[in-house]
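Remarks on the structure that follows.
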Amino acid sequence: MTRRRVVLAIVAVCALTVPASAYLKLGTVVVGGRTMSLRWQDFPISYFVTNTDVAQVSATQFQATVTRAFNTWHAVETAETSSRFAGFVAAPPNRSDGASVLGFLSRPDQDRTLAATSFTIDDTTGEILESDIYFNSIFPWSTAEAGNTERFDVESIAVHEIGHFLGLSHSALGETELQPGGRRVIGAESVMFPIAFSRGNISDRQLRADDIAGISDLYGTRAFTRDFGSISGRVTKNGRPVKGAHVVAFSTQSGKLIGGFSLNDDGEFVIAGLQPGPHILRAEPLDDADLTSFFDEDFEVDVDFRVTFYERVVAVPRGGGANDVEIKVTSK
Amino acid sequence: MSATERVSAFLVASAAFVLLTATSAGAQVPTAGSWEFTGGVVYVGGFDIGPLAAELTPNSGTTGRITLFDTDSRVKPSPGVLAKIGVFLSPSFALEGGLRYTRPVFETDISGDFEEADDLTAEQTLSQYLFDVTAVWHFRGSGDARTMPFVYGGGGYLRELHEGNALVEDGIEFHAGGGVKWWFGASARWGFRAQGGISARDGSEFEPEKKRRVIPEASGSIVWVF
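Chains A and B are the protein sequences, given in the same order.
Residue numbers are given in our numbering: position 193 of the first sequence equals residue 193, and the series is strictly consecutive.
Positions in the second sequence are counted from 1; adding 1000 to them yields our numbering.
Laid out in structure tokens, this is it:
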């Protein structure tokens, strides 16, 4: 086993980045060139909390809030995860010390990053051995039950970061608008969208369908495998594969949105965790995004195509997949 | 005239014909113990499933809902084929078992995309199999022996396969209506059967609201008595 410290570009930013839709699992290249999902192998996951207070949030309030955020993920019926609070520590949440630590840390150099998650992994298996989350104390924070319009909601950001802690990457399920200094979220349908809602907003305390599909894909129960289905296919432009396209599946029964990306050189995508029934597919480019919110810097993303709907209604079977979908897009 | 209006007109005409001929029929065949085979074409009405929007949770300060795109879905009317085998338990009363096969199109209009994608109507073709049992009462009067009005009612098992045949749903169907049989020639072993009525089924589990659907249906068939 080789231990490797990985700090992935996983941040919840207050102003900057992307529009679009979907969940994405964290992956890393392990020995042999294979890409494996990062995931925990042993449960419950033990975590510690840094014994540091910030204005209006004590360490005790912070611990109670992040415990609620963990429990939000553990409550997903189609996934099996669990954790336990192991105690307060003096150590800050950014050391590779074998202990998973969450807490406040002053990072004035990261003046657009609300919080970030880092990992220590076994790079032969992809197993997560340790994960730390820091909340940047240069920002104003709140644990008020109804939120505080002047401050960022600890629980909402904690739910997002714990999604990373468990192995999820960013979703692109949201829309933004350009403003001086960066981008502002207009709306999103995934807690894992990389840009946080405005101060005082507490919407991200609750998981959406996209988040639930993502965590269930990583740690799914037998019932998840049995009762849910998937869509797979490819995105092409003039017969050639499109890499990095964002594909969203919309259930015409439930109205739920779940997304995925075309991730390989053949433009292939898989969207799992879908309710059985008819779905509409929409492919869109990540054309005004900070692409490193989703992919490594050397990942080539084609953003030169128009938003396109697939011309067929796709029937997702229970416990199986609807395959061979081809979404043909055209250049802008 | 829309498809639904055409079906409605057919039903009205059929009902009127049944009433007009009910007192004048008087066919002598088939008789009790006769078997009857029916094969023909059927037209089954469609129904609206309704609109559903793909929505995003709005940020603070964003007014109104954020709609990624709108959809409006329906199942279109469709033609099909049917086959029935029946036995006359009395000169007027027959029991039938049958199979009906139709391929309705499920379509969804997509519009109002947030990023101005072209509007589109996406489709999938369903395969519907109805295995049914029907009771038929014939009006055998003293009039024209070549015509035989009837009313019918029954139920069946509906099996629906979505495109690709991987997604299956099933349910119970009930139907009722009326029609008429015209017998060809003196032997009255061959005839033509026209009927119209309604078919009721529970809503699909894959619809936003699981509502009972009442759908018009009409058919024309060749009948052989043996």
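Beta carbons are placed, not taken as given, at the ideal position from N, Cα and C, and that holds for glycine.
Since the structure is predicted, the reported quantities are computational estimates derived from the model, not experimental observations.
Return the residue from the list the options that minimises the CA-CA distance to residue i.
{"i": "threonine 1108 of chain B", "options": "A:Asp53, A:Ala315, A:Phe139 and A:Arg183", "result": "A:Ala315"}
{"i": "arginine 1193 of chain B", "options": "B:Gly1171, B:Tyr1152 and B:Thr1125", "result": "B:Tyr1152"}
{"i": "threonine 221 of chain A", "options": "A:Lys243, A:Thr78, A:Met192 and A:Gly229", "result": "A:Thr78"}
{"i": "arginine 151 of chain A", "options": "A:Thr225, A:Asn323, A:Ile138 and A:Tyr219", "result": "A:Ile138"}
{"i": "serine 1073 of chain B", "options": "B:Val1223, B:Ser1221 and B:Glu1209", "result": "B:Glu1209"}
{"i": "arginine 184 of chain A", "options": "B:Phe1047, B:Thr1062, B:Leu1126 and B:Val1081", "result": "B:Thr1062"}
{"i": "valine 1214 of chain B", "options": "B:Phe1226, B:Gly1098, B:Phe1069 and B:Ile1172", "result": "B:Ile1172"}
{"i": "alanine 249 of chain A", "options": "A:Ala223, A:Phe135, A:Gly147 and A:Ala272", "result": "A:Ala272"}
{"i": "threonine 236 of chain A", "options": "A:Ala90, A:Glu161, A:Asp266 and A:Asn136", "result": "A:Asp266"}
{"i": "phenylalanine 135 of chain A", "options": "A:Ala283, A:Ala75, A:Thr50 and A:Glu311", "result": "A:Thr50"}
{"i": "threonine 1071 of chain B", "options": "B:Leu1095, B:Leu1052, B:His1175 and B:Asp1170", "result": "B:Leu1052"}
{"i": "alanine 1166 of chain B", "options": "A:Lys328, A:Gly320 and A:Phe309", "result": "A:Gly320"}
{"i": "arginine 1155 of chain B", "options": "B:Glu1169, B:Glu1163 and B:Val1136", "result": "Contrary to the premise, residue 1155 of chain B reads as glycine rather than arginine in this sequence. Answer by Cα proximity: B:Val1136."}
{"i": "glycine 1046 of chain B", "options": "B:Ser1221, B:Gly1112, B:Glu1217 and B:Ile1222", "result": "B:Glu1217"}
{"i": "aspartate 132 of chain A", "options": "A:Asp111, A:Ala91, A:Glu155 and A:Thr65", "result": "A:Ala91"}
{"i": "arginine 306 of chain A", "options": "A:Arg312, A:Pro317 and A:Ala245", "result": "A:Ala245"}
{"i": "glycine 1203 of chain B", "options": "B:Val1075, B:Pro1030, B:Ala1083 and B:Leu1068", "result": "B:Val1075"}
{"i": "arginine 318 of chain A", "options": "B:Arg1201, B:Arg1103, B:Val1168 and B:Pro1077", "result": "B:Val1168"}
Taking only beta-carbon positions, decide if residue i is within less than 8 Å of chain A.
{"i": "glycine 1164 of chain B", "result": "yes"}
{"i": "leucine 1056 of chain B", "result": "yes"}
{"i": "glycine 1171 of chain B", "result": "no"}
{"i": "threonine 1063 of chain B", "result": "no"}
{"i": "proline 1208 of chain B", "result": "yes"}
{"i": "serine 1078 of chain B", "result": "no"}
{"i": "serine 1073 of chain B", "result": "yes"}
{"i": "alanine 1025 of chain B", "result": "Note on alanine 1025 of chain B: pLDDT 39, under 50, position unreliable in the model; no value is reported."}
{"i": "serine 1127 of chain B", "result": "no"}
{"i": "serine 1187 of chain B", "result": "no"}
{"i": "glutamine 1124 of chain B", "result": "yes"}
{"i": "isoleucine 1085 of chain B", "result": "no"}
{"i": "serine 1060 of chain B", "result": "yes"}
{"i": "alanine 1117 of chain B", "result": "yes"}
{"i": "alanine 1022 of chain B", "result": "Reliability of the predicted coordinates at alanine 1022 of chain B is poor, the pLDDT of 39 falling under 50, and the value obtained from them is presented with this limitation in mind. It does not; no Cβ of chain A falls within 8 Å."}
Pull the bridge partners of residue i from the DSSP assignment, please.
{"i": "phenylalanine 1106 of chain B", "result": "B:Val1075 and B:Gln1124"}
{"i": "lysine 237 of chain A", "result": "A:Arg240 and A:Val329"}
{"i": "tryptophan 1137 of chain B", "result": "B:Phe1093 and B:Val1151"}
{"i": "alanine 158 of chain A", "result": "Answer is none; alanine 158 of chain A lacks a bridge partner."}
{"i": "aspartate 1070 of chain B", "result": "B:Ala1053 and B:Ser1111"}
{"i": "serine 1219 of chain B", "result": "B:Val1042 and B:Gln1195"}
{"i": "lysine 1084 of chain B", "result": "B:Thr1038 and B:Gly1098"}
{"i": "tyrosine 47 of chain A", "result": "A:Phe85"}
{"i": "arginine 942 of chain B", "result": "Residue 942 of chain B lies beyond the range of chain B shown here (1001 to 1226); nothing can be said about it."}
{"i": "histidine 1175 of chain B", "result": "B:Gly1154 and B:Ser1199"}
{"i": "aspartate 153 of chain A", "result": "A:Ser142"}
{"i": "leucine 178 of chain A", "result": "A:Arg183"}
{"i": "threonine 308 of chain A", "result": "A:Ala283"}
If you measure from the beta carbon of residue i to each beta carbon in chain C, is any gap under 8 Å?
{"i": "glutamate 1160 of chain B", "result": "Any reference to chain C falls outside this structure, whose protein chains are A and B."}
At the 8 Å Cβ level, is residue i part of the contact set with chain B, yes or no?
{"i": "valine 11 of chain A", "result": "In this predicted model, valine 11 of chain A has a pLDDT of only 42, less than 50, meaning its place in the structure is not dependable enough to derive any value."}
{"i": "glutamine 253 of chain A", "result": "yes"}
{"i": "phenylalanine 70 of chain A", "result": "no"}
{"i": "valine 316 of chain A", "result": "yes"}
{"i": "threonine 185 of chain A", "result": "One detail in the question is off: residue 185 of chain A reads as valine in this sequence, not threonine. Output row for valine 185 of chain A: interface = yes."}
{"i": "alanine 22 of chain A", "result": "With a pLDDT of 33 at alanine 22 of chain A, under the threshold of 50, the modelled position of this residue cannot be trusted, and the question is left open."}
{"i": "threonine 78 of chain A", "result": "no"}
{"i": "isoleucine 280 of chain A", "result": "yes"}
{"i": "glutamate 300 of chain A", "result": "no"}
{"i": "leucine 263 of chain A", "result": "no"}
{"i": "leucine 257 of chain A", "result": "yes"}
{"i": "arginine 312 of chain A", "result": "yes"}
{"i": "glutamate 155 of chain A", "result": "no"}
{"i": "glutamate 326 of chain A", "result": "no"}
{"i": "threonine 236 of chain A", "result": "no"}
{"i": "glutamate 127 of chain A", "result": "no"}
{"i": "glycine 273 of chain A", "result": "no"}
{"i": "lysine 332 of chain A", "result": "no"}
{"i": "proline 180 of chain A", "result": "no"}
{"i": "threonine 308 of chain A", "result": "yes"}
{"i": "alanine 322 of chain A", "result": "yes"}
For the segment 205-225 of chain A, which residues have a beta carbon sitting closer than 7 Å to at least one beta carbon of chain B? Among the residues of the segment 205-225 of chain A, none has a Cβ less than 7 Å away from any Cβ of chain B.
Please go through the segment 82-142 of chain A and give each complete alpha helix (DSSP H) segment of 4 or more residues, from N-terminal end onward. none
Which complete alpha helix (DSSP H) runs does the segment 207-267 of chain A hold, if anything under 4 residues is left out? 209-219 and 222-227
Selection of the segment 1090-1113 of chain B by Cβ proximity to chain A, strictly under 7 Å: Phe1106, Thr1108, Ile1110 and Asp1113
What are the residues in the segment 188-202 of chain A lying within 7 Å of chain B by C-beta distance? Ala188, Glu189, Phe197, Ser198, Gly200 and Asn201
Pull out every residue of the segment 133-152 of chain A whose Cβ sits closer than 7 Å to any Cβ of chain B, in chain order. none
At which residue ranges does the segment 55-80 of chain A contain complete alpha helix (DSSP H) runs of 4 or more residues, listed in the order of the chain? 59-74
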